[in-house]
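Residue numbers (this note's numbering): 4 to 328.
Scroll down for the structure; my scribbles are underneath it.
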């Protein structure tokens, strides 16, 4: 069977001419011209409906023969097109660059040498009560016993990190929970473990302070913070905000109890942009160096935190009227 039997009558002359060109050997200098001639014939076949698409023609004409001396039989190409009717599929484009920040509620795996404290109380939006404080202390104890490099604090809820103190608790019980939470912040500052808060939603009151007590606070674009203590008779966050954001910005946030969105929080130094791989980077550092760095960086915070804790304990009013306005 010859090539002419595979094509329409009007293509016989073109295919015969192509085969004639193939029978005559050509020199290496002539081969580029031969490939251009082939391109002309292939485009003619494509316009006659034999070739599938122009991309198929370009694919075949432009391919590089591994052996420039090997013959190229057009009949093989025609049979392939007529037999399958398939064209090469484009390869999927591979994504380059860093992975995007996780969506709210999305949990990424943690590397070896790190621990996790997961908040998942959907009904109360991760509000802080005595059971919350007990769980957090147990997580710190376990991380220190295992000599973990870091403890990541995160939420499994969409749009919520931690909503702060449980305002449904009686005043006396809420005062005790607040004092125990301050003691936990002091424990976090003194611990050799690196605390990493991953915030992808609302961090309010005690939840916002939990971010201040952490050594690193990573915020996604959905994160926001509110230091609401002055609204119910407490001085909340002043122990660290002045050191982090400056006196004027700290006074503004503490007295107005306004919402601070992620871009502003990052600009003020309350948080850093979410970055994949941070936990793995921490685990590769020297444990002794991590502990000494924490001591140096937190040296001025211990006394301020103790003053704020003592002042709130001695002047507790239990008022939440400011939050209801």
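Idealized CB from N, CA, C, for every residue including glycine.
Everything numeric in this text was worked out from a predicted model, so none of it was measured.
- Going by the beta-carbon positions, is the gap between residue 155 and residue 113 smaller than 7 Å? Position 152 of the chain shown, counting from 1, holds the residue named residue 155. Position 110 of the chain shown, counting from 1, holds the residue named residue 113. In contact: residue 155 and residue 113 (Cβ atoms closer than 7 Å).
- From the DSSP output, in three-state form, read off residue 174 for me. Position 171 of the chain shown, counting from 1, holds the residue named residue 174. Reduced to three states, the DSSP call for residue 174 is helix.
- Query: In whole angstroms, what separates the C-alpha of residue 220 from that of residue 267?
  - Reply: Along the chain shown, read from residue 1 onward, the residue named residue 220 stands at position 217. Along the chain shown, read from residue 1 onward, the residue named residue 267 stands at position 264. Put simply, the backbone Cα of residue 220 is about 14 Å away from that of residue 267.
- Item | Identified DSSP bridge partners for residue 278 | On the chain shown, position 275 is the one that residue 278 refers to. Beta-bridge pairing links residue 278 to no other residue.
- Task: Look at the Cβ atom of residue 204, then the Cβ atom of residue 225, and state whether they are nearer than 7 Å.
- Result: Within the chain shown, numbered from 1, the residue matching residue 204 stands at position 201. Within the chain shown, numbered from 1, the residue matching residue 225 stands at position 222. In this structure, residue 225 lies closer than 7 Å to residue 204 by Cβ.
- Message: Using DSSP's beta-bridge definition, name the partner residues of residue 165.
- Response: Along the chain shown, one-based indexing puts residue 165 at 162. As computed with DSSP, residue 165 is found in a beta bridge with 206.
- Query: Between residue 311 and the rest of its own chain, which residues show a CB-CB distance below 7 Å, the 5 nearest in sequence each way excluded?
  - Reply: Position 308 of the chain shown, counted from the first residue, corresponds to residue 311. Hits under 7 Å: 238, 241, 242.
- Given 8 Å as the limit, is there contact between the stretch 179-194 and the stretch 156-166, that is, 3 or more CB pairs closer than that? Look at the beta carbons and you see the stretch 179-194 not touching the stretch 156-166: under three pairs across the two are nearer than 8 Å.
- Using the beta-carbon count (16 or more within 10 Å), is residue 308 buried or exposed? Mapped onto the chain shown, residue 308 falls at position 305. With 16 or more other CB atoms across the displayed protein chains lying within 10 angstroms of its CB, residue 308 is buried.
- Task: Could you say which of 134, 131, 119, 165 lies nearest to residue 143 if we only look at CA atoms?
- Result: Translated into positions along the chain shown, residue 143 becomes position 140. When each option's Cα is compared against that of residue 143, the closest is 119.
- Message: Rounded to the nearest angstrom, what separates residue 295 and residue 198 at their Cα positions?
- Response: Position 292 of the chain shown, counted from the start, is the residue given in the question as residue 295. Position 195 of the chain shown, counted from the start, is the residue given in the question as residue 198. Answer to the nearest angstrom: the Cα atoms are 15 Å apart.
- Assuming residue 210 and residue 152 form a contact by the criterion Cβ under 8 Å, report the distance between their Cβ atoms to the nearest whole angstrom. Counting from one through the chain shown, the residue named residue 210 turns up at place 207. Counting from one through the chain shown, the residue named residue 152 turns up at place 149. So it is not a contact: roughly 24 Å between Cβ atoms.
- Task: On a CA-only basis, which of 276, 216, 138, 253 is nearest residue 191? Give me that one, please.
- Result: Taking the first residue of the chain shown as position 1, residue 191 is located at position 188. Nearest of 276, 216, 138, 253 to residue 191, Cα basis: 216.
- Message: Can you tell me whether residue 193 is buried or exposed? The criterion is at least 16 other CB atoms within 10 Å of its CB, across all chains shown.
- Response: As a position in the chain shown, residue 193 is number 190, starting the count at 1. Exposed is the call here.
- Query: On the premise that residue 169 lies in contact with residue 131, defined as a C-beta separation below 8 Å, what is that separation, rounded to the nearest angstrom?
  - Reply: By one-based count along the chain shown, residue 131 stands at place 128. By one-based count along the chain shown, residue 169 stands at place 166. About 6 Å; that satisfies the 8 Å criterion.
- Item | Assumed close pair residue 283, residue 257 - CB separation to whole angstroms, cut-off 8 Å | Within the chain shown, numbered from 1, the residue matching residue 283 stands at position 280. Within the chain shown, numbered from 1, the residue matching residue 257 stands at position 254. That belief does not hold up - the Cβ atoms of residue 283 and residue 257 are roughly 35 Å apart, past 8 Å.
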